[in-house]
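2 protein chains.
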Amino acid sequence: MVPIVESAKAQAQETILQSDLCANLSSENLETLLTIAQMRTLGANREILAQGGVADAVYLPINGYQLVERSGSDGRRQVLAFLQCGDYLGISAGQSFLYSAYTLTPSTILRFPASRFFQLVEELPILKDNLGRISSQILLRVIDHLFAIGQKRAHARLAFLLWQLWQRLPEARYPQRELELPMRRADIGDYLGLTLETTSRAFSRLRSEGVIATRQGNQVEILDMEALRRLAEVD
Amino acid sequence: MVPIVESAKAQAQETILQSDLCANLSSENLETLLTIAQMRTLGANREILAQGGVADAVYLPINGYQLVERSGSDGRRQVLAFLQCGDYLGISAGQSFLYSAYTLTPSTILRFPASRFFQLVEELPILKDNLGRISSQILLRVIDHLFAIGQKRAHARLAFLLWQLWQRLPEARYPQRELELPMRRADIGDYLGLTLETTSRAFSRLRSEGVIATRQGNQVEILDMEALRRLAEVD
DNA sequence: CGCAACATTGAGAGCCATCAAGCAAAGTGG
DNA sequence: CCACTTTGCTTGATGGCTCTCAATGTTGCG
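Heads up: the sequence lines are chains A and B, in that order. Residue 128 in numbering that gives the first Met the number 0 is what sits at position 129 of the first sequence, and the numbering runs on without skipping anything. Residue 161 in numbering that gives the first Met the number 0 is what sits at position 162 of the second sequence, and the numbering runs on without skipping anything.
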């Protein structure tokens with residue numbers, strides 16, 4: 000019997016291989032990166048990192064779903080991103096994080112202490128390039144997000160999110176039209192700048208227009224891909 | 000008499016010295032950077048780069064004000080940023096730009112052809128670090144922007160913009176409470192996800208609440224800095 | 001001076017937030 | 001196994017904020 004730690008490590012290696020962070024890294028460098036990683040297993044709705052906390056580590060989820068949010072002093076919050084395995088978490092400009100991150104579902108997450116991680120970044124140009132690429136991708140994603148919130152109405156914003164989630168499905172599952180939504184309506188609302196009620200009405204509208212169908216367990220089937228794409232207005 | 004080109008070059012060097020892009024660069028490296036620069040002088044409301052165009056250059060304004068926008072297929076647009084001298088322009092993830100940029104006022108802009116610029120970036124680690132820092136700063140700014148649009152009401156969004164602009168004044172002018180707004184109400188509206196009329200009403204509201212006063216020539220005086228900061232909800 | 005561009009203000013409509021109720025699914029304890 | 005609770009989703013009614021359409025006022029320029 001393989002020890003749990005070893006099988007988890009194997010899964011980590013498997014996932015990490017396909018992550019943007021580790022693209023093009025030699026297996027030797029990958030091994031080095033894994034030696035500085037700590038593995039954390041968290042239940043649902045646990046804090047990964049806290050807004051205002053010292054940015055002393057970066058993270059890489061290897062399974063489960065997570066959420067990144069920015070909260071204001073009056074309790075309002077803006078959900079910045081929904082994460083899944085292989086997504087880099089830990090961008091910071093200064094000493095501290097300007098957002099919080101939580102698990103949506105039970106998750107296993109690799110934690111890299113900042114000091115050793117960024118030392119490694121300096122030693123491995125490929126890793127540095129990957130970080131730059133990730134940073135650009137995140138920026139472009141946030142710009143899409145900004146455009147959606149600033150210029151679209153409720154149902155089109157939801158279409159935007161569904162399109163985003165669909166496009167991020169693993170390629171093997173790409174022809175598939177089923178989506179799993181591990182987040183609650185309130186999370187989606189705070190992502191789209193809407194209340195949970197308006198979000199629910201947006202689901203109802205897309206349903207009644209025949210764009211999507213919803214099933215048990217927060218499963219969404221995309222019925223009219225072209226209509227969804229047109230509403231989301233991305234290519 | 001110094002030739003115009005030379006005096007402009009001197010101004011370029013002066014400005015460039017204080018830009019984030021060129022921070023910590025030796026004067027020798029600065030000189031190298033300037034040798035690959037082309038200087039462009041544009042009138043107001045001219046296109047600097049076009050959404051969808053080939054990302055074959057990056058830019059650095061050395062005077063004037065500029066605007067970056069993302070436009071959708073239905074004509075709606077999201078203003079992404081207001082630029083001024085020393086601001087880096089040219090982030091791209093793929094082959095083409097995903098936004099357009101225009102001059103708001105007559106501007107002089109340095110243009111760096113991408114091939115030679117990024118070759119230089121590879122040769123100068125300091126330049127590469129600066130680019131990374133700029134990228135992070137832009138990301139954080141966009142996140143603030145997202146939070147404002149997603150979670151604030153019209154007058155608070157305007158307060159957010161005014162606060163942003165005030166904070167970006169050169170330090171020498173920092174105690175000053177006067178702001179110049181080179182953009183139109185429609186530009187501000189598209190930046191904040193509002194119509195120009197609602198933007199105008201937001202100005203009126205901040206005026207009537209004694210937070211700001213407006214003068215001729217789109218000058219704004221901040222009367223109640225604390226109220227502005229509280230509305231903008233940033234620190 | 002007169003025109004053009006931009007800003008302001010008003011009236012009414014529409015979309016979304018708020019408050020509230022009802023419903024469905026999952027978990028809990030007797 | 002089944003009340004009971006909890007949690008989350010949906011739907012309805014109402015009010016408020018913003019958009020749209022429109023008119024007026026202001027500034028700047030030829």
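Heads up, the beta-carbon is just placed ideally off N, CA and C, and yes, glycines get one too.
Assuming the contact rule is C-beta atoms closer than 8 Å, residue i and residue j should be a hit. Round their C-beta distance to whole Å, please.
| i | j | result |
| --- | --- | --- |
| residue 103(A) | residue 22(A) | In fact, because the Cβ distance is near 25 Å, the residues do not count as touching under 8 Å. |
| residue 100(A) | residue 67(A) | 5 Å |
| residue 9(B) | residue 109(B) | Residue 9(B) to residue 109(B), Cβ: 13 Å. No contact. |
| residue 69(A) | residue 98(A) | 5 Å |
| residue 51(A) | residue 96(A) | 7 Å |
| residue 106(B) | residue 41(B) | 5 Å |
| residue 92(A) | residue 215(B) | Their Cβ separation, rounded to whole angstroms, is 38 Å, which puts residue 92(A) and residue 215(B) out of contact at 8 Å. |
| residue 19(B) | residue 85(B) | 7 Å |
| residue 145(B) | residue 133(A) | Contact doesn't hold; Cβ gap of about 18 Å is too wide. |
| residue 138(B) | residue 138(A) | 5 Å |
Express the C-alpha separation of residue j and residue i in angstroms, rounding to a whole number.
| i | j | result |
| --- | --- | --- |
| residue 210(B) | residue 195(B) | 20 Å |
| residue 33(B) | residue 163(B) | 30 Å |
| residue 55(A) | residue 63(A) | 23 Å |
| residue 232(B) | residue 124(B) | 36 Å |
| residue 159(A) | residue 193(B) | 20 Å |
| residue 229(B) | residue 150(A) | 26 Å |
| residue 79(B) | residue 72(A) | 25 Å |
| residue 199(B) | residue 180(B) | 13 Å |
| residue 115(B) | residue 76(A) | 43 Å |
| residue 205(B) | residue 184(B) | 15 Å |
| residue 2(B) | residue 111(B) | At residue 2(B) the pLDDT is 47, less than 50, meaning the model places this residue with poor confidence; the figure from the coordinates comes in the next sentence. Their backbone Cα atoms lie some 22 Å apart in a straight line. |
| residue 224(A) | residue 187(A) | 20 Å |
| residue 168(B) | residue 82(B) | 12 Å |
| residue 119(B) | residue 29(B) | 11 Å |
| residue 11(B) | residue 59(B) | 9 Å |
| residue 174(A) | residue 226(A) | 17 Å |
| residue 219(B) | residue 161(B) | 9 Å |
| residue 126(B) | residue 24(B) | 7 Å |
| residue 154(A) | residue 191(A) | 10 Å |
| residue 189(A) | residue 87(B) | 31 Å |
| residue 182(A) | residue 27(B) | 53 Å |
| residue 207(B) | residue 201(A) | 37 Å |
| residue 57(B) | residue 89(A) | 27 Å |
So what's residue i in DSSP terms, helix, strand or just coil?
| i | result |
| --- | --- |
| residue 96(A) | coil |
| residue 49(B) | coil |
| residue 60(B) | strand |
| residue 91(B) | coil |
| residue 23(B) | coil |
| residue 175(B) | coil |
| residue 102(A) | strand |
| residue 139(A) | helix |
| residue 231(A) | helix |
| residue 29(B) | helix |
| residue 129(A) | helix |
| residue 149(B) | helix |
| residue 226(A) | helix |
| residue 18(B) | coil |
| residue 124(A) | helix |
| residue 180(A) | coil |
| residue 208(B) | coil |
| residue 54(A) | coil |
What residue range is occupied by the uninterrupted beta strand (DSSP E) comprising residue i?
| i | result |
| --- | --- |
| residue 68(B) | 65-70 |
| residue 80(A) | 76-82 |
| residue 110(A) | 106-112 |
| residue 219(A) | 218-221 |
| residue 212(B) | 211-214 |
| residue 41(B) | 37-41 |
Just to confirm the assignment, what range does the alpha helix (DSSP H) spanning residue i have?
| i | result |
| --- | --- |
| residue 185(A) | 184-191 |
| residue 157(A) | 153-166 |
| residue 194(A) | Segment: none, residue 194(A) is in no alpha helix (DSSP H) and carries neither H nor E. |
Open item on the list: Please identify, using Cβ separations under 7 Å, the residues of the stretch 140-163 of chain A that lie next to chain B, in order along the chain.
Closed with: 141, 142, 144, 145, 146, 148, 149, 150
Task: Residues from the stretch 61-75 of chain A in contact with chain B, defined by Cβ distance under 7 Å - done: 69, 71, 72, 75
Task: chain A contacts made by the stretch 80-103 of chain B, where a contact means CB separation under 9 Å - done: 90, 91, 92, 93, 97, 98
Open item on the list: Tell me which residues of the stretch 13-25 of chain B have at least one Cβ-Cβ distance to chain A shorter than 7 Å, keeping chain order.
Closed with: Going along the stretch 13-25 of chain B in chain order, one finds no residue with a Cβ nearer than 7 Å to chain A.
Open item on the list: Can you pull out the residues from the stretch 41-54 of chain B whose beta carbon lies closer than 9 Å to at least one beta carbon of chain A?
Closed with: Answer in chain order: no residues at all.
TODO: Output, in sequence order along the chain, the residues in the stretch 125-136 of chain B whose CB is closer than 7 Å to any CB in chain A.
DONE: Listed by position along the chain: 131, 134, 135, 136.
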